[in-house]
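Enquirer: Encoded as structure tokens, here's the structure I'll be asking about.
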Amino acid sequence: MPVIVQKFGGTSVADAARIRRAAQRIADARRAGFDVVVVASAMGPTTDELISLAEEVSPVPDRRELDMMLATGEQVSVGLLALALREVGCAASSLTGGQAGIRTDGVHGRARITRIECGRLERMISRGETPVVAGFQGTSDDGEITTLGRGGSDTTAVAIAAALRVADAGGYCEIYTDVDGVYTADPRLVRGAVKLPRISYEEMLELATLGAGVMHARAVLFGEKYGVPIHVRHSQRPDHGTMISRENPGMEELAVVGCALKEDLGRVSIRQIKNALGLQGRLFTALASSNIVVDDIMQTEHGSSTMIAFTVDHADLSDAKQIVAKTLLDLNEGEMSIDVGLAKVSVVGVGMKIHAGVASRMFRALGEVGVAIHNITTSEIKISCIIDAASGQRALETVHSAFGLGLGINATVAMQTDSPRL
Ligand code: ADP
Ligand code: ASP
Ligand code: MG
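Under this note's numbering, think of the first position of the sequence shown as 2, with each following residue one higher.
This is the structure we're talking about:
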């Protein structure tokens with residue numbers, strides 16, 4: 002029988018009534034002839050509440066102890082969901098991430114899945130039992146409980162679907178959430194955003210990395226690498242969601258399929274430093290060794306001195322500052338300054354590979370509404386501008402309308418085709 006992995010996000014298991022509804026959906030899939038593996042997030046705002054509680058006791062909580070606490074959130078929901086499933090006559094048992102065989106590296110707070118030992122899940126499925134797995138967590142090789150970073154339950158679900166090779170037998174992964182699919186922009190921020198019936202892994206990965214919180218970026222990576230179709234659906238109105246897959250017919254017609262805003266960025270700038278051979282390697286190795294994910298990097302040269310700046314999430318800013326300060330002390334040169342309150346607005350689309358004029362259209366639109374651009378980065382399928390966070394919402398709405406994203410796919414195609422190739 003094909004296996005479906007069904008993942009229920011925090012809103013979808015926020016109270017007893019919703020847990021019963023989720024159980025009903027799982028039972029329906031089983032009645033329709035599928036084996037089901039369930040992955041659940043913590044109930045509603047539980048993870049935020051646990052973090053606040055930890056911060057009341059310790060302003061900068063130790064990441065190992067925080068993982069120990071946060072992992073309990075998902076355990077409550079899977080226990081409840083397994084109870085609800087038994088009430089509707091479905092054989093089901095809850096499992097922690099570790100019990101489900103999810104092995105990670107030892108980086109607390111942002112661990113990466115290294116492998117999934119599927120034996121227990123496979124045995125449960127073969128005896129007709131539904132595993133209900135706690136999302137967002139795993140165990141390291143030395144038995145430590147780890148978490149995968151905020152929003153990580155999506156990654157648990159897609160990684161399990163990949164490890165069980167569900168796609169080989171016609172299975173897939175369903176992400177049940179509080180929105181009925183992937184939109185051209187976050188529908189909470191842009192009123193005219195439009196739902197996309199399909200999107201490619203490549204585009205979804207860029208959007209997720211650039212701030213579209215509807216999917217955890219690493220989940221999309223697993224989906225792409227192992228060919229797992231991912232269906233994003235509303236937990237109460239699941240009819241027409243968004244399918245994320247390799248094929249996205251006709252979408253190359255569109256230069257841009259969506260836009261995203263990443264807030265809470267800070268910038269570390271280093272000036273008055275000689276561009277000695279190996280400088281960049283030394284600096285960024287020190288940051289990587291502390292697991293700091295650097296966003297954009299900028300470098301300019303003025304005579305013999307150079308300026309290097311990079312952006313990071315606000316959450317990593319104080320660690321990044323300490324590491325850079327230490328490196329500059331060791332080098333005995335350079336001055337550091339910090340900016341906070343930055344954001345990044347981006348447009349994404351595989352069609353950019355063949356359509357010209359995307360960058361000029363974006364920059365003109367931002368200029369016309371008075372949004373200053375501090376830095377620009379591009380790849381084959383995205384253009385990003387660093388801006389002041391205070392202009393974030395305006396910038397997102399502006400680029401959304403500049404590319405006609407609120408007009409629906411057909412209208413957008415027409416607009417792109419008619420537009421001059423600048
Ligand atoms: P869950 O708890 O189910 O994992 P999340 O809050 O992580 O839910 O993700 C759903 C939210 O993602 C939506 O409520 C929406 O505000 C946000 N979001 C951001 N960008 C997009 C987008 N492009 N399309 C749809 N939703 C988006
Ligand atoms: N509960 C975790 C969070 O709030 C993981 C998840 O919801 O995916 O980030
Ligand atoms: Mg999520």
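Built from N, CA and C at the ideal position, the CB exists for glycine as well.
Could you pull the start and end residues of the alpha helix (DSSP H) that Val1 belongs to?
Expert: One cannot answer for residue 1 here, as it falls past the ends of the chain, which runs 2 to 423.
Enquirer: Would you kindly work out how many angstroms separate the C-alpha atoms of Ala164 and Ile126, rounded to a whole number?
Expert: The sequence position of residue 164 within the sequence shown is 163, counting from 1. The sequence position of residue 126 within the sequence shown is 125, counting from 1. Distance between the alpha carbons of Ala164 and Ile126: 14 angstroms.
Enquirer: So who's on the other strand from Tyr177, going by DSSP bridges?
Expert: Residue mapping note: residue 177 aligns to position 176 of the sequence shown, counting from 1. Tyr177 pairs with Phe9 and Arg234.
Enquirer: To which residues does DSSP link Tyr1 through a beta bridge?
Expert: Residue 1 is absent from the model: the chain starts at 2 and stops at 423.
Enquirer: Would you call the region 57-68 and the region 16-36 in contact, with 3 or more CB pairs under 8 angstroms?
Expert: Not touching, per the Cβ criterion.
Enquirer: Determine the direct distance from the alpha carbon of Glu130 to that of Val38, and round the result to whole angstroms.
Expert: The residue labelled residue 38 in the question sits at position 37 within the sequence shown. The residue labelled residue 130 in the question sits at position 129 within the sequence shown. So the two alpha carbons sit approximately 9 angstroms from each other.
Enquirer: Given a cut-off of 7 angstroms, decide if Leu266 and Thr210 are closer than it, judged by their beta-carbon atoms.
Expert: The residue you call residue 210 lines up with position 209 of the sequence shown. The residue you call residue 266 lines up with position 265 of the sequence shown. Taking 7 angstroms as the Cβ cut-off, Thr210 and Leu266 do not qualify as a contacting pair.
Enquirer: Can you check whether the C-beta of Glu130 is within less than 7 angstroms of a C-beta belonging to chain C?
Expert: Structure shown: chain C not included; a single protein chain is present.
Enquirer: Does the distance from the CB of Ala158 to the CB of Cys174 come in under 7 angstroms?
Expert: Taking the sequence shown and counting its residues from 1, one reaches residue 158 at position 157. Taking the sequence shown and counting its residues from 1, one reaches residue 174 at position 173. Yes, they are a contact pair.
Enquirer: Would you kindly work out how many angstroms separate the C-alpha atoms of Ala162 and Ile103, rounded to a whole number?
Expert: Taking the sequence shown and counting its residues from 1, one reaches residue 162 at position 161. Taking the sequence shown and counting its residues from 1, one reaches residue 103 at position 102. Going from the Cα of Ala162 to the Cα of Ile103 covers about 12 angstroms.
Enquirer: Tell me whether Ala17 sits in a helix, a strand or coil according to DSSP, three-state version.
Expert: Residue mapping note: residue 17 aligns to position 16 of the sequence shown, counting from 1. Three-state DSSP puts Ala17 in a helix.
Enquirer: Is Arg151 near the ligand ASP, going by C-beta to nearest heavy atom under 6 angstroms?
Expert: Residue mapping note: residue 151 aligns to position 150 of the sequence shown, counting from 1. Yes, Cβ of Arg151 sits closer than 6 angstroms to a heavy atom of the ligand ASP.
Enquirer: Would you tell me roughly how many angstroms separate the C-alpha atoms of Val6 and Leu197, rounded to the nearest one?
Expert: What you label residue 6 is simply residue 5 of the sequence shown in a count that begins at 1. What you label residue 197 is simply residue 196 of the sequence shown in a count that begins at 1. Rounded to whole angstroms, Val6 to Leu197 spans 22 angstroms at the Cα level.
Enquirer: Counting only runs that start and end within the region 302-353, where is the alpha helix (DSSP H) found for 4 or more residues in a row?
Expert: For the region 302-353, whole alpha helix (DSSP H) runs of length 4 or above, ordered along the chain, are 315-332.
Enquirer: Between the Cα of Lys263 and the Cα atoms of Ala326, Tyr184, Ala390 and Ala277, which residue gives the shortest distance?
Expert: Taking the first residue of the sequence shown as position 1, residue 263 is located at position 262. Checked all of Ala326, Tyr184, Ala390 and Ala277; the closest Cα to Lys263 is Ala390.
Enquirer: Run through DSSP, which three-state label would Ile27 get?
Expert: For the purposes of this step, residue 27 is taken as the residue at position 26 of the sequence shown. The answer is helix: DSSP assigns Ile27 an H, G or I state.
Enquirer: Quick one: grab the DSSP three-state call for Gln300.
Expert: In the sequence shown, counting from the first residue as 1, residue 300 sits at position 299. Strand.
Enquirer: Alpha carbon to alpha carbon, what distance is there between Asp36 and Met2?
Expert: Here residue 2 corresponds to residue number 1 of the sequence shown, with the count starting at 1. Here residue 36 corresponds to residue number 35 of the sequence shown, with the count starting at 1. Roughly 6 angstroms between the two C-alpha positions.
Enquirer: Would the beta-carbon of Gly10 be found less than 6 angstroms away from any heavy atom of the ligand MG?
Expert: On the sequence shown, position 9 is the one that residue 10 refers to. Correct: Gly10 has its Cβ closer than 6 angstroms to the ligand MG.
Enquirer: Going by DSSP in three states, Arg189 sits in which element: helix, strand or coil?
Expert: If you number the sequence shown from 1, residue 189 lands on position 188. Coil at Arg189, not helix or strand.
Enquirer: I need the straight-line Cα distance from Gly304 to Asn276, nearest angstrom please.
Expert: Numbered from 1 along the sequence shown, position 303 holds the residue referred to as residue 304. Numbered from 1 along the sequence shown, position 275 holds the residue referred to as residue 276. Each residue's Cα considered, the two are about 10 angstroms apart.
Enquirer: Look at the alpha carbon of Gly242 and the alpha carbon of Tyr184, and state the distance between them as a whole number of angstroms.
Expert: Position 241 of the sequence shown, counted from the start, is the residue given in the question as residue 242. Position 183 of the sequence shown, counted from the start, is the residue given in the question as residue 184. Going from the Cα of Gly242 to the Cα of Tyr184 covers about 10 angstroms.
Enquirer: In this structure, what does DSSP give as the bridge partners for Ile117?
Expert: On the sequence shown, position 116 is the one that residue 117 refers to. Looking at the DSSP assignment, Ile117 forms a beta bridge with Ile103.
Enquirer: Should Ala55 and Leu82 be called a contact, given that it needs their Cβ atoms to be closer than 7 angstroms?
Expert: In the sequence shown, the residue the question calls residue 55 occupies position 54. In the sequence shown, the residue the question calls residue 82 occupies position 81. No.
Enquirer: Rounded to a whole number of angstroms, what is the C-alpha to C-alpha distance between Ile309 and Met337?
Expert: In the sequence shown, counting from the first residue as 1, residue 309 sits at position 308. In the sequence shown, counting from the first residue as 1, residue 337 sits at position 336. Straight-line Cα distance between these residues: approximately 10 angstroms.
Enquirer: If distances are taken between C-alpha atoms only, which option among His109, Val325, Ile298 and Arg21 comes closest to Arg64?
Expert: Stepping through the sequence shown from its first residue, residue 64 is reached at position 63. Closest by alpha carbon: His109.
Enquirer: Could you tell me whether the Cβ atoms of Glu381 and Lys345 are closer together than 7 angstroms?
Expert: Within the sequence shown, the letter at position 380 stands for residue 381. Within the sequence shown, the letter at position 344 stands for residue 345. Result no, Cβ atoms of Glu381 and Lys345 do not sit closer than 7 angstroms.
Enquirer: Would you decide whether Asp240 is buried or exposed? Buried here means 16 or more other CB atoms lie within 10 Å of its CB.
Expert: The residue given as residue 240 occupies position 239 in the sequence shown. Exposed.
Enquirer: Does the distance between the C-beta of Gly90 and the nearest non-hydrogen atom of the ligand ADP fall short of 6 angstroms?
Expert: Here residue 90 is taken as the residue at index 89 of the sequence shown, counted from 1. Checking the Cβ of Gly90 against the ligand ADP gives no.
Enquirer: If you compare alpha carbons, which of Ile384, Gly193 and Ala256 is closest to Leu408?
Expert: Here the question's residue 408 lines up with position 407 in the sequence shown. If we check each option's Cα against that of Leu408, Gly193 comes out closest.
Enquirer: Just to check my reading of the structure: Phe137 and Leu122 have Cβ atoms closer than 8 angstroms, yes? What is that Cβ distance to the nearest angstrom?
Expert: On the sequence shown, position 136 is the one that residue 137 refers to. On the sequence shown, position 121 is the one that residue 122 refers to. The pair is not a contact, with the Cβ atoms about 17 angstroms apart (cut-off 8 angstroms).
Enquirer: Pick helix, strand or coil for Glu264, following the three-state DSSP scheme.
Expert: As a first step, residue 264 must be located in the sequence shown, where it is residue number 263. Strand.
Enquirer: Expressed to the nearest angstrom, what Euclidean distance is found between the alpha-carbon atoms of Gly393 and Gly153?
Expert: On the sequence shown, position 392 is the one that residue 393 refers to. On the sequence shown, position 152 is the one that residue 153 refers to. Spanning the two alpha carbons is a distance of roughly 25 angstroms.
Enquirer: Is Ser154 near the ligand ASP - that is, is its Cβ less than 6 angstroms away from at least one heavy atom of it?
Expert: Here residue 154 corresponds to residue number 153 of the sequence shown, with the count starting at 1. Checking the Cβ of Ser154 against the ligand ASP gives yes.
Enquirer: Less than 8 angstroms between the CB atoms is what I'm expecting for His217 and Asp155, so what's the real figure, rounded?
Expert: One-based indexing of the sequence shown puts residue 217 at position 216. One-based indexing of the sequence shown puts residue 155 at position 154. Yes, they are in contact, since the Cβ atoms of His217 and Asp155 sit about 4 angstroms apart, within 8 angstroms.
Enquirer: Considering only the alpha carbon of each residue, which of Val77, Asp331, Ser291 and Arg219 lies closest to Leu318?
Expert: Mapped onto the sequence shown, residue 318 falls at position 317. Ranking Val77, Asp331, Ser291 and Arg219 by Cα distance to Leu318 puts Ser291 first.
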